[in-house]
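All letters in the sequence shown, in the order written, are residues -19 to 391 by this note's numbering. Using N, Cα and C, we set each Cβ at its ideal position, and we do this for glycine too. The structure displayed is predicted, hence computed values, not measured ones. The next block holds one structure in the form of structure tokens; read it before the comments.
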Amino acid sequence: MQSWPAPDVPRLPGRGQPLRLRDTASSRIRPTEPGPTARMYVCGITPYDATHLGHAATYLAFDLVNRVWRDAGHDVHYVQNVTDIDDPLLERALRDQDDWMVLGMRETALFREDMTALRVLPPRDYIGAVESIPEVVALVEKLLAGDVAYRLDDGSDDIYFDVSTAPRFGSESNLSHEAMLAFFGERGGDPDRAGKRNRLDPHLWRGARPGEPSWESSLGPGRPGWHIECTAIALDRLGMSFDVQGGGSDLTFPHHEMSAVHAESVTGEEPFARHYVHAGMIGLDGSKMSKSRGNLVFVSRLRGDRVDPMAIRTALLSGHYRADRSWTADLLDAAQARLDRWRAAVASPAGPPAEDLLAGVRRLLADDLDTVGALAAVDRWAEDALTLGGDDPAAPPVVQDILDALLGIAV
Ligand code: 5CA
Ligand code: ZN
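Here's what the structure looks like:
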């Protein structure tokens, strides 16, 4: 698929620090240890509706990972998928008498526009589920050959993964069996389907149903399961043991657990990813912002109302990426006021020296993306510049570059 245009990233003097991130599997903040090319896979959208602020917050968190790695001297191979065929897309298309493919293309195009406006660095590989069907089929064939995947005995072409064959099953999410069952039922699983070996076994291949799109394959006609989609794309583009697997915390289980055991079963290697990194959930009016609840604020709607995308970006970065947090109108007003102050400060002919600010922002972001601290540090420099002044004419443009390169905020 086509990605979106890359914003310029100014080069900063010196070099950033190694990035430490919280890893869900070990429940610890650990250093990332990428080679010259850092490898990151972030789960992309299911394009049946417009991008809301929850999605945006998650992609901004991983955009900072990308920026901090680059500042530390790494090249970054960033991969993102688009789940352009799955149940929610078909259900919405049916409800709205729309064509599922047209719906997916339209919402993906809008997502690209939103990401461009928010100055999110584009993935190098932006890959749809539909275009990955050959890779999915090849993986499912291998899993069947290894007897870790099986067909149901009911005449369908449905194929499942046997979680009891995966010794590391559970090591990504560390959840109890009861918690797994609850999430599995809520998040696209079918714990009560008759004939499965284990209630938590997920779909690998969904055999064709009347009225649903399906693809011919050696597995029989059907379409990919959700988790194997991300396994196939990540293995094809990044291989095993890439540096970061990312997404919102709602993907911790079953999605990232299943993607990992699929990959580890098929390759006989581990781990799938070295860090599993999860962003908190953005809520509105007291509950998680979700398409099914309908309590959504869309990035495109705010843009349509002429809200500055940099204010949206600043507002979302004003909370820590891992914290579940609520969106409010006040947050946006505060971010706009902040941006106005920063813009006035960087427009000054001179200011206080920027070296300490650069070192401080680098240190804070390298420590599990402490944007709250980083934004406060910029506030202090701007306050000094506006109230005390300063005599360094090189400082304002450097601060502008710090905001742009490390936080993606153009002022
Ligand atoms: N296509 C799959 C991933 S393979 C999917 O989950 N799509 S999605 O459109 O539902 O979500 C896209 C991304 O936004 C995921 O990383 C998801 O974890 C994240 N996300 C969804 N809702 C929220 C929210 N309220 N707050 C923060 N992130 C969210
Ligand atoms: Zn995914």
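Could you tell me the distance, in whole angstroms, from the CA atom of L44 to the CA atom of G200?
Taking the straight line from one Cα to the other gives about 42 Å.
Distance, Cα to Cα, A5 vs R302?
C-alpha separation (whole angstroms): 15 Å.
Taking all protein chains shown into account, decide if T351 is buried (16 or more other Cβ within 10 angstroms of its Cβ) or exposed.
Buried, since its Cβ has 16 or more Cβ neighbours within 10 Å.
Report whether the distance from the Cβ of H235 to the nearest heavy atom of the ligand ZN is below 7 Å.
Yes.
Verify the contact flag: G227, CB atom, against every heavy atom of the ligand ZN, threshold strictly below 7 Å.
True, at least one ligand heavy atom lies under 7 Å from that Cβ.
Rounded to the nearest angstrom, what separates I65 and D371 at their Cα positions?
The alpha-carbon atoms of I65 and D371 are separated by roughly 58 Å.
Nearest neighbour of V117, chosen from D51, V128, E158 and I208 [CA to CA]
Of D51, V128, E158 and I208, the residue nearest in Cα terms is I208.
Quick one: grab the DSSP three-state call for K176.
Note: K176 maps to coil in three-state DSSP.
By the three-class DSSP mapping on this structure, what secondary structure does G228 have?
Shown here, G228 sits in a strand according to DSSP, grouped into three states.
With a threshold of 16 other CB atoms inside 10 Å of the CB of I9, please say whether the residue is buried or exposed.
Looking at its Cβ environment, which holds fewer than 16 other Cβ atoms inside 10 Å, I9 is exposed.
Run through the DSSP bridge pairs and tell me what W195 is partnered with.
W195 is bridged by DSSP to G202.
According to DSSP, simplified to helix, strand and coil, what is Y21?
Secondary structure at Y21: strand, using DSSP grouped into helix, strand and coil.
Could you tell me if the beta carbon of N46 falls within a distance shorter than 7 Å of some heavy atom in the ligand ZN?
Distances taken from the Cβ of N46 to the heavy atoms of the ligand ZN include none shorter than 7 Å.
Helix, strand or coil for D288? Go by DSSP, reduced to three states.
Correct three-state label for D288: coil.
Looking at the ligand 5CA, does it come within less than 7 Å of L231, judged from the CB to the closest heavy atom?
Correct: L231 has its Cβ closer than 7 Å to the ligand 5CA.
Compute the distance between the beta-carbons of L319 and D288, then report whether it is under 8 Å.
Taking a C-beta distance under 8 Å as the contact criterion, L319 and D288 qualify as a contact pair.
Cut-off 8 Å between Cβ atoms - residues of its own chain near D55, not counting five sequence neighbours on either side:
P16, T17 and A18, listed in sequence order.
Option in A73, F91 and L383 with minimal Cα separation from V279
It is F91 whose Cα lies nearest to the Cα of V279.
Any chance you could list the residues with Cβ under 5 Å from a heavy atom of the ligand ZN, keeping chain order?
Summarising the contact set, residues whose Cβ lies nearer than 5 Å to any heavy atom of the ligand ZN are, in chain order, C23 and C210.
Tell me whether G34 counts as near the ligand 5CA, meaning its Cβ is closer than 7 Å to at least one heavy atom of that ligand.
Taking 7 Å as the cut-off, the C-beta of G34 counts as close to a heavy atom of the ligand 5CA.
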